[in-house]
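J.: Note that my numbering has the sequence shown beginning at 47, numbered continuously upward.
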Amino acid sequence: MLETSNLGSYPPVFRKLNSVVPQPKSYSMDDTQVSVPVPTVDLQCLSLHKLGEACESWGIFRLVNHGIPSTLLSKLQHHAKMLFSLSFESKQALITDPMSYFWGTPALTSSGAALKSSSPNMNWLEGLNVPLSQLTQFQPENPLLHCFRLLLEEYGRHLSRIATTLFQSMAKNLHLDPEQSESMLEESTGFFRVYRYPPRRSMGGEAWGMIPHTDSSVLSIVNQDQVGGLEIFKDNKWLLVDPIPNTLIVHIGDMMQAISNDGYTSVRHRVRVKKPEERLSICYFVFPAEDSVIRSSKYKPFTYKEFQEQVQKDTRALGYKVGLKRYVWALVENYSNLMHECFEPVKESRTATHLVADKSGSENSP
Ligand SMILES: O=C(O)CCC(=O)C(=O)O
Ligand SMILES: [Fe+2]
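Okay, here's the thing in structure tokens:
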């Protein structure tokens with residue numbers, strides 16, 4: 047429950063607990079909530095067949111027997127909770143480069159600052175952005191932050207191991223060329239997002255913690271507390287992914303979708319904030335090496351760097367992420383044919399976006 051004494055820990059915009067946040071129609075909250083048992087993958091006895099099925103049919107799975115001590119998971123959650131409960135001003139002062147503190151949006155620039163978007167949507171969250179490769183440079187004097195940093199470092203080593211093991215098994219399943227696939231998951235690109243979703247009280251007090259989106263990553267690995275709120279879109283329905291202690295949720299991201307030639311799907315998901323309790327999650331994202339070219343029969347070749355720059359451009363200009371649709375061969379070709387038929391020069395402002403943008407698609411996120 048949100049204690050009044052804790053109010054000062056929230057960014058001011060979240061302190062008017064009963065204010066209604068405007069949400070576009072496509073994000074309407076009235077659909078029913080049904081829990082879904084997402085497929086389970088056991089990392090200790092990894093079945094390539096089960097893993098393949100989960101990635102093809104769901105784009106998400108629950109990971110068990112991952113080898114992370116439960117004490118590390120609970121210490122991380124506990125420390126994250128304590129950090130977030132510091133005053134808003136202390137967090138702004140303490141959380142400095144290479145970490146960053148943000149709220150209201152998960153869309154950040156490469157330096158970790160909130161990205162200015164044309165979208166009016168408010169995501170009901172505050173978060174820390176933590177680039178793993180720069181974590182050792184962060185030597186905070188604050189003992190709580192120092193301890194949290196050490197825990198994240200240890201956790202980061204586990205997640206690099208897990209992501210690599212999973213990716214290598216996926217690459218085997220997909221018969222990827224081992225030499226080419228090596229640069230498709232670059233451990234040094236890994237970063238954490240630690241989120242707190244402030245609670246909402248009754249009476250019209252509803253908002254999205256995070257609006258519907260797909261992740262741009264190869265893989266994303268979520269460690270959520272027991273409050274719940276993560277939902278996925280499957281078979282035209284939004285379904286709740288219940289929290290289960292000591293398990294992790296793995297999402298297929300856009301890059302994995304492209305690498306797999308659409309064999310695996312980057313799952314659309316969102317976070318609902320409804321309960322009068324705050325929710326905490328610690329999410330890990332990993333990407334291809336920035337300049338490695340991703341080739342597939344579905345998409346024109348691109349590097350992750352280009353993709354990310356495009357996502358940021360779209361988010362600034364349109365208010366949402368166009369994502370992979372921008373790179374679909376057929377759409378790109380149709381568009382240029384259309385232009386030739388019209389005998390018109392292709393104007394800078396009329397890019398393929400106008401043909402492929404899908405506002406229900408998503409806002410930018412990792
Ligand atoms: O907090 C969560 O459970 C999910 C966060 C998420 O989807 C994201 O950061 O992209
Ligand atoms: Fe996400």
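Positions of the beta carbon are idealized from the N, C-alpha and C atoms, including for glycine. Given the structure is predicted, the values throughout are model-derived calculations rather than measurements.
1) On the three-state DSSP scale, how would you describe ASP223?
2) Could you tell me whether any non-hydrogen atom of ligand 2 is closer than 6 Å to the CB of ASP300?
3) How is VAL317 classed by DSSP in three states: helix, strand or coil?
4) At a cut-off of 6 Å, would you count PRO412 as near ligand 1, judging by its Cβ distance to the nearest heavy atom?
5) Which ranges would you report for the beta strand (DSSP E) in the stretch 83 to 148 if only whole runs of at least 3 residues count?
6) Roughly how many angstroms lie between the CA atoms of SER246 and GLN303, to the nearest whole one?
7) Using the C-alpha atoms, what's the distance from ILE114 back to GLU199?
8) Taking contact to mean at least 3 C-beta pairs separated by less than 8 Å, is the stretch 297 to 312 in contact with the stretch 163 to 180?
9) For a test of the three-state rule: what should DSSP assign to GLY236, helix, strand or coil?
10) What would DSSP say about ASN188, mapped onto helix, strand or coil?
11) Who are the near neighbours of ALA403 in its chain, counting only those whose CB is closer than 7 Å to its CB and skipping five residues on each side?
12) Reducing DSSP to helix, strand and coil, say where GLN270 ends up.
13) Return the Cβ separation of LEU326 and ASP271 in integer angstroms, given the expectation that the two are a contact with Cβ distance under 8 Å.
14) How would you label THR117, buried or exposed, when you count the other beta carbons within 10 angstroms and need 16 or more for buried?
15) For CYS101, is the classification buried or exposed, using 16 other Cβ atoms within 10 angstroms of its Cβ as the cut-off for buried?
16) Let me know the secondary structure DSSP gives ALA209 once reduced to three states.
17) Closer than 6 Å: is that where the CB of SER327 sits relative to any heavy atom of ligand 1?
18) Whose C-alpha, out of LEU370, THR142, LYS121 and PHE148, is nearest the C-alpha of GLN183?
19) Please return the same chain residues whose Cβ sits closer than 7 Å to the Cβ of LEU370, not counting the five positions on each side in sequence.
20) I need the straight-line Cα distance from LEU140 to GLY309, nearest angstrom please.
21) From the DSSP output, read off the bridge partner residues of ASN175.
22) Shortest alpha-carbon distance to SER133 belongs to which of LEU53, THR86 and ALA209?
23) Give me the DSSP bridge partner(s) of CYS329.
24) Within 10 Å of its beta-carbon, does LEU94 have 16 or more other beta-carbons around it, so buried, or fewer, so exposed?
25) Looking at the structure shown, is MET385 part of a helix, part of a strand, or coil, going by DSSP?
26) Closest to TYR241 by CA distance: which of SER215, LEU276, PRO289 and LEU171 is it?
27) Return yes when the C-beta of ARG108 is under 6 Å from any heavy atom of ligand 1, and no when it is not.
28) Can you tell which of SER262, ALA376, SER227 and VAL319 has its C-alpha closest to the C-alpha of TRP254?
29) Taking the alpha helix (DSSP H) that GLU355 belongs to, which residues open and close that run?
30) What residue does the beta strand (DSSP E) around MET256 start on, and which one ends it?
31) Closest to ILE298 by C-alpha separation, out of PRO322, VAL273, SER262 and GLY274, would be which residue?
32) Quick check on the burial criterion: 16 or more other C-beta atoms within 10 angstroms. Buried or exposed for GLU390?
33) May I ask whether a heavy atom of ligand 1 can be found less than 6 Å away from the beta carbon of ASP261?
34) Can you give me the C-alpha to C-alpha distance between PHE60 and PRO224, rounded to a whole angstrom?
35) Need the endpoints of the beta strand (DSSP E) that ILE290 sits in, please.
36) Please report the straight-line C-alpha distance between LEU129 and TRP104, rounded to a whole angstrom.
T.: Taking the geometry as given:
1) Here the question's residue 223 lines up with position 177 in the sequence shown. Correct three-state label for ASP223: coil.
2) Here residue 300 refers to the residue found at position 254 of the sequence shown. ASP300 Cβ: outside cutoff for every heavy atom of ligand 2.
3) Indexing the sequence shown from 1 puts residue 317 at position 271. If DSSP states are grouped into helix, strand and coil, VAL317 belongs with the strands.
4) Reading the sequence shown from its first residue, position 366 is the one you call residue 412. PRO412: yes, Cβ under 6 Å from ligand 1.
5) 86 to 88 and 106 to 110
6) Within the sequence shown, numbered from 1, the residue matching residue 246 stands at position 200. Within the sequence shown, numbered from 1, the residue matching residue 303 stands at position 257. According to the sequence shown, residue 246 is Arg rather than Ser. If I take the Cα positions, the gap works out to 35 Å.
7) Along the sequence shown, one-based indexing puts residue 199 at 153. Along the sequence shown, one-based indexing puts residue 114 at 68. Those two C-alpha atoms are separated by around 13 Å.
8) no
9) Here the question's residue 236 lines up with position 190 in the sequence shown. GLY236: strand per DSSP, three-state reduction.
10) Looking up residue 188 in the sequence shown gives position 142. Coil.
11) Counting from 1 along the sequence shown, the entry for residue 403 is found at position 357. Residue confidence is low: ALA403 scores 30 on pLDDT, short of 50, so the model does not pin down where it sits. Its coordinate-derived value is still stated next. Answer for ALA403: LEU364 and VAL368, listed in chain order.
12) Taking the sequence shown and counting its residues from 1, the one referred to as residue 270 is at position 224. GLN270 falls in the strand class under three-state DSSP.
13) Locating residue 326 in the sequence shown gives position 280, counting from the first residue. Locating residue 271 in the sequence shown gives position 225, counting from the first residue. Indeed they touch by this definition, with Cβ atoms about 5 Å apart.
14) Walking along the sequence shown from the start, residue 117 turns up at place 71. By the neighbour-count rule (16 or more Cβ atoms within 10 Å), THR117 is not buried but exposed.
15) Sequence index remark: in the sequence shown, residue 101 carries index 55 (1-based). Burial call: buried.
16) Taking the first residue of the sequence shown as position 1, residue 209 is located at position 163. DSSP places ALA209 in helix when its eight states are reduced to three.
17) Counting from 1 along the sequence shown, the entry for residue 327 is found at position 281. The answer is yes for SER327.
18) The residue labelled residue 183 in the question sits at position 137 within the sequence shown. Per the Cα distances, THR142.
19) Along the sequence shown, read from residue 1 onward, the residue named residue 370 stands at position 324. The answer, listed in chain order, is ASP300, GLN303, ALA304 and TYR345.
20) Taking the sequence shown and counting its residues from 1, the one referred to as residue 140 is at position 94. Taking the sequence shown and counting its residues from 1, the one referred to as residue 309 is at position 263. Taking the straight line from one Cα to the other gives about 44 Å.
21) Taking the first residue of the sequence shown as 1, we reach residue 175 at position 129. SER146 and ARG239.
22) Start at 1 with the first residue of the sequence shown, and residue 133 comes out as number 87. When each option's Cα is compared against that of SER133, the closest is LEU53.
23) As a first step, residue 329 must be located in the sequence shown, where it is residue number 283. In the DSSP output, where bridge partners are listed per residue, CYS329 has ARG239 and VAL268.
24) Taking the first residue of the sequence shown as 1, we reach residue 94 at position 48. When all chains shown are included, LEU94 counts as exposed.
25) For the purposes of this step, residue 385 is taken as residue 339 along the sequence shown, with counting starting at 1. Residue placement at MET385 is flagged as unreliable, the pLDDT there being 47, under the threshold of 50; the coordinate-derived value follows with that caveat. Helix.
26) Taking the first residue of the sequence shown as 1, we reach residue 241 at position 195. With distances taken between Cα atoms, TYR241 lies closest to LEU171.
27) For the purposes of this step, residue 108 is taken as the residue at position 62 of the sequence shown. Outside the cutoff, so no.
28) In the sequence shown, counting from the first residue as 1, residue 254 sits at position 208. Residue VAL319 is the option with its Cα nearest to TRP254.
29) Residue numbering aside, residue 355 sits at position 309 when the sequence shown is read from its first letter. Counting along the chain, the alpha helix (DSSP H) containing GLU355 begins and ends at 350 to 364.
30) Within the sequence shown, numbered from 1, the residue matching residue 256 stands at position 210. Looking at the DSSP string, the run of the beta strand (DSSP E) that includes MET256 is 253 to 259.
31) For the purposes of this step, residue 298 is taken as the residue at position 252 of the sequence shown. It is SER262 whose Cα lies nearest to the Cα of ILE298.
32) Numbered from 1 along the sequence shown, position 344 holds the residue referred to as residue 390. In this prediction, GLU390 scores a pLDDT of 39, lower than 50, which makes its location untrustworthy; the coordinate-derived value is nonetheless stated afterwards. Exposed.
33) As a position in the sequence shown, residue 261 is number 215, starting the count at 1. Indeed, a heavy atom of ligand 1 lies less than 6 Å from the Cβ.
34) For this step, residue 60 is matched to residue 14 along the sequence shown. For this step, residue 224 is matched to residue 178 along the sequence shown. Spanning the two alpha carbons is a distance of roughly 48 Å.
35) Sequence index remark: in the sequence shown, residue 290 carries index 244 (1-based). Neither: ILE290 is in no beta strand (DSSP E) and is coded neither H nor E.
36) Indexing the sequence shown from 1 puts residue 129 at position 83. Indexing the sequence shown from 1 puts residue 104 at position 58. Going by the C-alpha atoms only, they are around 34 Å apart.
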